[in-house]
Amino acid sequence: MAQQSFPTLIGALGFYPVVPDADWVKRLLGWGVRSIQLRHKPLVNDSQSLARQVRESVAAGRDVAGAQVFINDHWELALAEGAYGVHLGQEDWAALSDVQRQRLRASGIRLGLSTHTPHEWAIAQAAKPSYIAIGPVYPTTLKVMPYEPVGLEQLRAWTLQVSPCPVVAIGGISLERLPDVVACGVNGVAVVSAITQASDPQNATAAGLQSFALCISSL
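Take a look at the structure:
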């Protein structure tokens with residue numbers, strides 16, 4: 012029996028910030044971003060706060076036409092709130108039972124899966140997600156990564172192999188590096204510190220959106 016695919020995206024992911032809380036999600040939607048991932052990692056285990064972050068992020072995305080808001084890791088909360096999408100790492104996906112995976116598929120939620128190695132790449136393809144994330148493209152200092160950077164050559168090769176499944180590049184991508192990444196044929200470019208650590212996040216967001224649009228138009 013063929014594996015059921017997760018639903019397709021409603022649009023290209025494009026410039027795709029990954030942010031720590033719902034306030035960032037709301038601001039970015041107001042600044043014109045339409046693809047955002049909530050990656051909320053609280054310092055203390057506060058289930059009520061976590062649920063609020065997910066609920067507010069989902070609600071904010073629901074109020075904006077064309078918005079694609081993904082919830083990182085917390086798939087059960089995402090389902091409970093009727094989220095558009097969820098993003099899982101390889102360990103999170105591997106930990107799911109067949110029943111849980113079927114529950115995700117049956118819900119109609121979009122799924123993004125992280126990949127770092129050829130083995131993980133194969134696992135992600137078999138899962139038939141809505142998109143596959145590849146990274147880290149460049150070295151990143153945001154968290155300890157037990158993987159070597161993928162690099163542009165491998166990113167381009169993997170993107171071609173999995174077409175037409177959308178590919179998102181992530182890891183160490185600054186606004187200056189964005190054009191080289193987009194040239195690899197990816198559907199989206201995930202950024203973290205380029206926005207959350209920018210001296211002027213709104214201007215950085217505008218620059219990122221414009222740069223991605225110009226890069227796509229020149230391909």
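For any residue, its number in my numbering is found by taking its place in the sequence shown, counting from 1, and adding 11.
All C-beta atoms in this analysis are idealised placements derived from N, C-alpha and C, irrespective of residue type, glycine included.
Remember, it's a predicted structure, so these values are computed and weren't measured experimentally.
| query | Opposite N79 in the DSSP bridges: which residues? | reply | The sequence shown places Gln at residue 79, not Asn. Partner(s): S46.
| message | Once DSSP output is grouped into helix, strand and coil, what is the label at G238? | response | The requested residue 238 is not part of the displayed model; the chain covers only 12 to 230.
| field | Backbone secondary structure at V69 - three-state DSSP | value | For V69, the secondary structure class from DSSP, reduced to helix, strand or coil, is helix.
| Using DSSP with H/G/I as helix, E/B as strand and the rest coil, what is I206? | Helix.
| Closest by CA to S68, which one among S58, N56, P53, W35? | Ranking S58, N56, P53, W35 by Cα distance to S68 puts W35 first.
| query | Just checking my contact of P177 with L49 at CB under 8 Å: how many whole Å lie between their CB atoms? | reply | Actually they are not in contact, since the Cβ atoms of P177 and L49 sit about 19 Å apart, beyond 8 Å.
| query | With 16 as the cutoff for other CB atoms within 10 Å, does N56 come out buried or exposed? | reply | Taking all protein chains in view, the Cβ of N56 is surrounded by fewer than 16 other Cβ atoms within 10 Å, so the residue is classified as exposed.
| request: State the DSSP-derived secondary structure class of F223, mapped to helix, strand or coil. | output: Reduced to three states, the DSSP call for F223 is helix.
| field | As assigned by DSSP and simplified to three states, the class of I134 | value | I134: helix per DSSP, three-state reduction.
| query | Counting Cβ pairs, one atom from each stretch, are 3 or more of them under 8 Å apart for the region 57-66 and the region 102-117? | reply | Segments in contact, no.
| request: State the DSSP-derived secondary structure class of P150, mapped to helix, strand or coil. | output: For P150, the secondary structure class from DSSP, reduced to helix, strand or coil, is coil.
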